[in-house]
Structures are given as structure tokens and as C-alpha cells.
Amino acid sequence: MERKDLTGISTMVAVLGMIVLLIVGFAAGYYLNTPSSTSTDDDSAWRTQSITLAGSTTVLPIANASAVDFMNIYSGVTVTVSGGGSGTGYSNIIDDVVDIGMGSREPKQSEIDNAKTKGRPMYLYPIALDAVCVVVNPSVDGGNQLGLTLQMIGQIFSGEYTRWNQIDSSLPDQEIFVVVREPGSGTRGTFEEFTMDPWDYEVTTAANARQSNPEVVTTVSGTPYSIGYVGFGFLNQDMHTVSVYSESQGDLVLPTAASIADQTYPMSRYLYLVTNERPASGSLTDRFMDFIYSSAGQDIVEQKGFLKLPEYP
Numbered sequence: 003m004e005r006k007d008l009t010g011i012s013t014m015v016a017v018l019g020m021i022v023l024l025i026v027g028f029a030a031g032y033y034l035n036t037p038s039s040t041s042t043d044d045d046s047a048w049r050t051q052s053i054t055l056a057g058s059t060t061v062l063p064i065a066n067a068s069a070v071d072f073m074n075i076y077s078g079v080t081v082t083v084s085g086g087g088s089g090t091g092y093s094n095i096i097d098d099v100v101d102i103g104m105g106s107r108e109p110k111q112s113e114i115d116n117a118k119t120k121g122r123p124m125y126l127y128p129i130a131l132d133a134v135c136v137v138v139n140p141s142v143d144g145g146n147q148l149g150l151t152l153q154m155i156g157q158i159f160s161g162e163y164t165r166w167n168q169i170d171s172s173l174p175d176q177e178i179f180v181v182v183r184e185p186g187s188g189t190r191g192t193f194e195e196f197t198m199d200p201w202d203y204e205v206t207t208a209a210n211a212r213q214s215n216p217e218v219v220t221t222v223s224g225t226p227y228s229i230g231y232v233g234f235g236f237l238n239q240d241m242h243t244v245s246v247y248s249e250s251q252g253d254l255v256l257p258t259a260a261s262i263a264d265q266t267y268p269m270s271r272y273l274y275l276v277t278n279e280r281p282a283s284g285s286l287t288d289r290f291m292d293f294i295y296s297s298a299g300q301d302i303v304e305q306k307g308f309l310k311l312p313e314y315p
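One point on numbering: in this note's numbering, the residue at position 280 of the sequence shown is 282, and numbering is uninterrupted.
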């Protein structure tokens with residue numbers, strides 16, 4: 003995955019398999035981190051406490067399933083999970099509304115600045131590998147594999163192309179129905195970072211916004227000549243996945259477990275949980291984070307259609 007410029011950031015000797023984790027200093031405003039080992043003290047107050055999570059709808063299935071399993075193990079605790087998008091996850095953490103935020107992107111500079119102003123440094127915990135996948139209704143490609151460059155995708159979503167046969171004469175002479183995520187969505191932010199921002203494109207005003215990955219799936223699978231994008235874990239046979247040109251490979255690449263893991267698929271990314279301040283050792287938040295990083299938690303990641311972190315084969 004293409005990473006942002008992290009000049010001036012000190013590197014910590016902490017590795018999750020192939021992932022070198024960077025601790026980002028206060029100047030940057032957030033830390034990329036892993037949870038500390040849970041305390042072994044005798045304080046049992048956490049066993050009757052509650053925590054709340056909110057944010058990315060991509061992370062939501064992982065968080066929901068993890069919460070259910072965690073509460074089954076510790077029957078006295080309550081873990082409440084809601085969506086709202088990555089923007090909601092970051093704003094709720096900055097405003098101290100929830101215990102854990104969920105993000106499918108790194109924080110924006112404005113969010114970093116807001117956190118610094120309020121004295122709440124954010125800790126980001128990578129919990130899974132994912133990718134933003136471009137999908138079309140089967141009516142578009144007629145069963146043939148559709149391949150596009152990142153710029154061509156941007157041209158579609160900016161409205162530069164409005165009919166499919168403008169892209170390729172073999173495609174239908176039909177109007178393109180563009181489906182996007184709502185502003186504030188981490189999936190939308192990642193998508194635009196790769197396909198829109200490099201060419202200063204703006205999303206067409208004709209685009210149809212949806213509030214979650216499942217809503218995009220429903221719309222694209224049910225609307226002829228439509229195109230949209232979803233997280234890898236939401237792909238299904240009712241939509242066709244677009245292969246994307248990879249400069250590193252010099253060829254079109256489909257999003258697969260292998261191409262996401264080795265980052266040859268251009269729009270690969272991490273999914274995050276986020277806290278303000280490092281959770282106190284042995285606290286309920288700390289223990290829930292430990293569960294996510296356990297083999298049971300990473301199995302949930304895989305069961306929900308995402309990729310485990312590399313140190314969990």
C-alpha cells in the first residue's frame with residue numbers, strides 16, 4: 003500500500019510480520035501502535051464495566067462479532083458497537099464520546115490538528131488487511147473481465163466519462179450509474195486518495211451516495227450499468243470485480259487475498275481501531291484490544307472476509 007510521507011517520525015522496533023509499525027510522535031499527533039500485554043493484577047472491576055465503539059462500517063462486522071464473542075467469554079461486561087463511518091470514529095475519539103473508534107483510513111490532517119488542540123493524542127491499532135475494490139453490475143462487462151487504470155476510474159467517478167462505450171467501444175452504449183460512499187467514509191477517503199486526488203478530480207454531482215458498504219452492494223448488484231466501490235470483505239457473486247492496473251506489476255491486478263497481502267493490488271489498506279491515550283493496562287478497553295489481536299480475534303477478521311495480520315497465518 004502506498005504510504006503517506008512520514009518524514010521525521012521515529013521508528014520503533016516493533017514488527018507485525020511484514021508490517022513495520024511506526025510510532026508517530028506528538029508533532030504528528032497520533033501513534034501507530036500495538037496493545038501492551040494485559041496486566042495480571044487482581045483488579046476485577048473491569049468485569050462489570052462497559053465500553054463503546056463507533057466508526058467505520060467496514061470495520062463494523064469485525065467489531066460486532068468480536069464484541070459478541072468477548073461478552074460470551076466475560077458475561078458481566080457490555081460492549082456496544084455502532085457505525086457512522088471513519089469520520090465519526092475519529093471525531094468521537096477526539097471528543098471523548100466513545101472508548102474505541104473504528105477507521106478504514108489513517109486520520110486526516112484536520113483530525114490530527116483537532117486531537118492535538120484538545121490534548122488527545124490518537125493511538126492507531128492496525129487490526130486487519132483490506133482493499134478498496136471497484137465493482138460493477140454484471141450488465142456492464144457481459145461476463146468479460148473489465149480492467150481499468152486508477153485514472154480511468156477517477157474519470158468515471160468525476161463524470162468525465164458518462165457512458166460506458168466512451169471508455170471502450172465494446173462496452174454498452176448506456177449511461178454510467180455512479181455509486182459512492184457518503185462524505186466522511188474511510189472507504190471513500192481511501193478510494194479518492196488513489197483515484198481522484200492525484201489528478202485533482204472531484205466526485206460528480208450526479209453520483210449516488212450510500213451510507214455503508216452493504217448499501218453499495220445492494221445498489222450495484224440491483225442497478226444495471228452501475229459502478230461503485232466496497233471493502234474486500236463485501237465482494238459477492240452478484241457484482242463483478244474490476245481489475246486495476248498496477249504500476250509495480252505492469253499489468254492489471256484483481257483484488258485477492260494474495261495480491262492484497264503482497265500489496266500488488268494498488269488500493270490495499272489497513273483497518274484500524276483507535277483510542278485517545280494508550281488504554282490503561284488491564285482495563286476493559288485494553289483487554290478488548292488484546293482479544294482482537296489474539297488468534298480468536300484474528301480468526302473473526304478472516305471469517306468476515308478480511309485478511310489477518312501477517313503474523314497470524
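Note that CB positions come from ideal geometry on N, CA and C, so glycine has one too. This structure is a prediction, so every number in the text was calculated from the model and none was measured.
Residue i classed as buried or exposed, judged by whether at least 16 other C-beta atoms fall within 10 angstroms
i	result
Ile114	buried
Glu313	exposed
Met20	Only weak support is given to the placement of Met20: the predicted model assigns it a pLDDT of 30, under 50, and the question is left unresolved by the model.
Ile75	exposed
Gln300	buried
Thr192	buried
Trp166	buried
Gly85	buried
Gly144	exposed
Gly156	buried
Val303	buried
Asn146	exposed
Asn139	buried
Asn238	exposed
Arg183	buried
Ile229	buried
Ala130	buried
Ala282	exposed
Ala65	buried
Ala117	buried
Glu177	exposed
Ser261	buried
Helix, strand or coil at residue i according to DSSP, with G and I counted as helix
i	result
Gly103	strand
Thr40	Confidence at Thr40 is low in this model, with a pLDDT of 49, below 50, so its placement is unreliable and the value that follows should be read with caution. Here Thr40 sits in coil by DSSP.
Arg274	Residue identity differs from the one stated: residue 274 is Tyr in this sequence, not Arg. Correct three-state label for Tyr274: strand.
Val70	helix
Ser297	helix
Thr80	strand
Asn116	helix
Gly284	coil
Thr54	strand
Asp292	helix
Arg212	strand
Val303	helix
Ile25	A caution first: Ile25 carries a pLDDT of 34, below 50, which makes its placement in the model unreliable, though a value can still be read off. Coil.
Leu62	helix
Gly85	strand
Gly91	helix
Ser223	helix
Gly10	For Gly10, the pLDDT reaches just 23, beneath the cut-off of 50, and the residue's location in the model is therefore unreliable, although a value from the coordinates is still provided. Three-state DSSP puts Gly10 in coil, outside helix and strand.
Ala30	Because Ala30 carries a pLDDT of 48, less than 50, the predicted location of this residue cannot be relied on, and no value is offered for it.
Expected contact under 8 angstroms - CB spacing of residue i and residue j to nearest Å
i	j	result
Val79	Leu55	That pair is no contact at about 13 angstroms.
Ser141	Tyr227	6 angstroms
Ser106	Arg280	Going by Cβ atoms, the distance from Ser106 to Arg280 rounds to 22 angstroms, so no, they are not a contact pair.
Val70	Phe290	Not really, about 12 angstroms apart at Cβ, beyond 8 angstroms.
Arg122	Asn278	4 angstroms
Phe179	Met269	Going by Cβ atoms, the distance from Phe179 to Met269 rounds to 21 angstroms, so no, they are not a contact pair.
Val222	Met241	5 angstroms
beta-carbon residue i near the ligand PLP non-hydrogen atom, thresh 7 angstroms
i	result
Gly145	This structure lacks the ligand PLP; in fact it carries no ligand of any kind.
At least 3 beta-carbon pairs within less than 8 angstroms: the stretch 47-67 vs the stretch 298-311: yes
Meets three-Cβ-pair contact criterion under 8 angstroms: the stretch 88-103 and the stretch 240-250: no
Would the stretch 228-236 count as touching the stretch 121-139 if we require 3 or more Cβ pairs under 8 angstroms? yes
Touching or not, the stretch 180-189 and the stretch 72-92, by the rule of three or more beta carbon pairs under 8 angstroms? yes
Cβ pair count under 8 angstroms reaching 3, the stretch 204-221 against the stretch 283-300: no
Runs of alpha helix (DSSP H) lying entirely within the stretch 133-206, each at least 4 residues, in chain order: 140-143, 152-159 and 188-197
If you scan the stretch 234-265 from start to end, which runs of the beta strand (DSSP E) of 3 or more residues do you find wholly inside it? 245-248 and 253-255
At least 3 beta-carbon pairs within less than 8 angstroms: the stretch 164-184 vs the stretch 265-273: no
May I ask you to verify whether the stretch 153-161 touches the stretch 197-207, counting CB pairs closer than 8 angstroms and requiring at least 3? yes
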